[in-house]
Amino acid sequence: MPRRKRNAGSSSEGTEDSDFSADHEHTDRIETYGRTRRNTRLTRASLRLSQSSQDSSPVQISPAEVVTFSARRVTRSRSLQQGPPVTPKKYPLRQSRSSGSDTEQHVEDLKRAADQDESPPRTPTGNALSSESDIDVSSPNASHDESLAKELSLKDSGSDLSHRPKRRRFHESYNFNMKCPTPGCNSLGHLTGKHERHFSISGCPLFHNLSVDECKTRASSRDKQVEERTLSHRQDENRHATRHQDHRQSHGNNREPLLENITSDYDLELFRKAQARASEDLEKLQGQVAEGSNMIKTIVFGRYELDTWYHSPYPEEYARLGRLYMCEFCLKYMKSLTILRRHMAKCVWKHPPGDEIYRKGNISVFEVDGKKNKIYCQNLCLLAKLFLDHKTLYYDVEPFLFYVMTEADNTGCHLVGYFSKEKNSFLNYNVSCILTMPQYMRQGYGKMLIDFSYLLSKVEEKVGSPERPLSDLGLISYRSYWKEVLLRYLNQFQGKEISIKEISQETAVNPVDIVSTLQSLQMLKYWKGKHLVLKRQDLIDDWKAKETKRGSSKTIEPTALKWTPPKGT
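Numbering of the sequence shown is given in the UniProt record's numbering, commencing with residue 1 and proceeding in unit increments.
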């Protein structure tokens, strides 16, 4: 709805003085003034002077004359702009503050006349007409001369309307005087085939080597293709929806939903490949689970029933049983308790095969050659695999020596643990595999086995180290043993300078293991370009207290060893 102008003559004073009437002669003078106003500029003061000199006798003006005056004003505005005829703009009327039946009837006539008006004319380039063409029919009591003065003042100062937002229409932004920059083009037609004219190279048919008719033909064909594609897509959706619904009703959740026409063929192919890979991995995992389901859950070993930790490659006929029965002396495995009892009645072994090289109290150590006692060593490796994760050697036992620790009673020598070592180790490994049976764990037997392995290295006059990688429990045991060895050595050391090499030669511990242990104990520092070993008395005191509480029952006595290093293989 267009904005209504604020009429300068619609003041309270002007309303009281005028009764919406004028002289017929005055009306003629207004018409003469309208024809010559382009060359004459009147100020507000001169207009007021002319108003004061006018005849003040009231003359009643009919509504038809008012409408004629409005039409003359519109005609004059059109002649000024010299543009094509455009229907005038409709303007709303404000309610007059005067009263009376004549005034109400006059306002109704003005409303009917304003309804016949249309929007103000526009130029072909879209520019709006000047303020002279804006016809404002305000209060009937306002002076006509003051209305003209207001229009002239608005024309002289265009900044009065600068605060009002301009409403842009299509014909305002569409410049009909523009032409296509392509030489020889008359700006008719459009590349899209949907417009009658174009003004840029992007929409020029001639630039794209096409004619106007070809553009329209192609546009119609494209529209047909779009319609056909849309119709086909809807039909396919309806058909697939019906098919999916029938499939779900027939099979429910027992089968995979239909995946066709849900996404592109390329994405569907990728999904199928991912499904195949996942199925293959699942089959492998199920195979491992099946293998683990066949692993032995428990073993009956002497008077103990032990839960196994890992899978061991026993023969399949024994592995599927879940429980295995073993002779604790010869390590033969059996299927049932009856067979074990029959075997125990006939078995003559009461200790491991081999030479007893150490005895202190009821603790004995036997040296078993893998080449001479192959079956026993293989059974020992299979038994150890039930409690070790990183063990890979089961049957090739000939290059190894096995040192089996036992605890003796009136029934025989019971297996406590063992460690194996290569007969000829190029890296001076003194232990290849070490195990303490679960029923003897956390009783000091693990450190006794480690200490015994280093005792053999001392006798051989070598520096030894365990074979890597160590298991989690093995690493904990070795770190604890190395800590006790270093604290014992520092407690007995009385000098001022100490050497890592001297410690290694006296304890048979590898220098790398010594340095790593000192670092873990925060006893090795670097100061002024030298490495210093700190003697932490607090750690030594704690070690002394533990040794006193533990006693000397679970230690290796070097004098109890009766052994000479083997020569060759």
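Glycine is no exception: its CB is placed at the ideal position from the N, C-alpha and C atoms.
Quick caveat: nothing in here was measured; it's all calculated off a predicted structure.
Item, Value
"Local conformation of residue 219 per DSSP, three classes", "helix"
"Nearest-angstrom beta carbon gap, residue 422 and residue 399 [assumed within contact, 8 Å]", "6 Å"
"Straight-line Cα distance separating residue 197 from residue 101", "Residue placement at residue 101 cannot be trusted, given a pLDDT of 46 that sits under 50; the coordinates are not used to answer."
"Whole-Å CB distance - residue 465 paired with residue 510, under 8 Å assumed", "4 Å"
"Straight-line gap, residue 272 to residue 244 (C-alpha atoms, nearest Å)", "19 Å"
"Which listed residue (384, 356, 566) has its alpha carbon closest to that of residue 438", "384"
"For residue 137, the three-state DSSP class (helix, strand or coil)", "Below a pLDDT of 50, predicted positions are generally treated as unreliable, and residue 137, at 39, falls in that range; the measurement from the model is reported next regardless. DSSP places residue 137 in coil when its eight states are reduced to three."
"Cβ distance (whole Å) where residue 517 is taken to contact residue 479 below 8 Å", "7 Å"
"Residue span of the alpha helix (DSSP H) that contains residue 535, given as start and end", "Neither: residue 535 is in no alpha helix (DSSP H) and is coded neither H nor E."
"Runs of beta strand (DSSP E) lying entirely within the region 319-374, each at least 3 residues, in chain order", "323-326, 355-360, 363-369"
"Cut-off 7 Å between Cβ atoms - residues of its own chain near residue 315, not counting five sequence neighbours on either side", "none"
"Residues near residue 504 by beta carbon distance below 8 Å, same chain, minus five either side", "463, 510, 511, 514"
"Whether residue 403 touches residue 365 by CB criterion (8 Å)", "yes"
"Proximity to residue 309 [Cα-Cα], best of 336, 419, 388, 381", "388"
"Pairwise C-alpha distance: residue 397 and residue 433", "12 Å"
"Contacting residues, own chain, Cβ-Cβ under 7 Å from residue 207 (five flanking each side not counted)", "182, 201"
"Residue(s) in a DSSP beta bridge with residue 274", "Paired residues: none, contrary to the question."
"Residue 369 versus residue 484: straight-line alpha-carbon distance, rounded", "31 Å"
"Supposed close pair residue 554, residue 448 - CB separation, criterion 8 Å", "6 Å"
"Residue 212 vs residue 189 beta-carbon contact at 8 Å", "yes"
"Length-filtered (4 minimum) alpha helix (DSSP H) runs lying within the region 426-479", "445-460"
"Candidates 498, 527, 546, 455: closest to residue 564 by CA position", "455"
"Enclosing alpha helix (DSSP H) for residue 516 [first to last residue]", "511-520"
"Among 301, 538, 429, nearest to residue 491 - alpha-carbon criterion", "538"
"For residue 420, the first and last residue of its enclosing beta strand (DSSP E)", "412-422"
"Spatial distance of residue 391 from residue 303 (CA atoms)", "26 Å"
"Spatially closest choice to residue 377 from 425, 352, 362, 340, by CA coordinates", "352"
"Residue 397, DSSP secondary structure in three states", "coil"
"Residue 525 in three-state terms, based on DSSP", "strand"
"Buried or exposed by the 16-neighbour rule on C-beta atoms within 10 Å, applied to residue 559", "exposed"
"First and last residue of the uninterrupted alpha helix (DSSP H) at residue 305", "Element bounds for residue 305: not the alpha helix (DSSP H) but the beta strand (DSSP E), 304-307."
"DSSP-derived helix/strand/coil call for residue 407", "strand"
"Coarse secondary structure for residue 121, derived from DSSP in three states", "At residue 121 the pLDDT is 47, less than 50, meaning the model places this residue with poor confidence; the figure from the coordinates comes in the next sentence. Coil, per DSSP."
"Alpha helix (DSSP H) segment containing residue 507, residue limits", "500-507"
"Distance between beta carbons of residue 193 and residue 216, contact taken as under 8 Å", "4 Å"
"Other residues of its chain near residue 379: CB distance less than 6 Å, five sequence neighbours each side excluded", "331"
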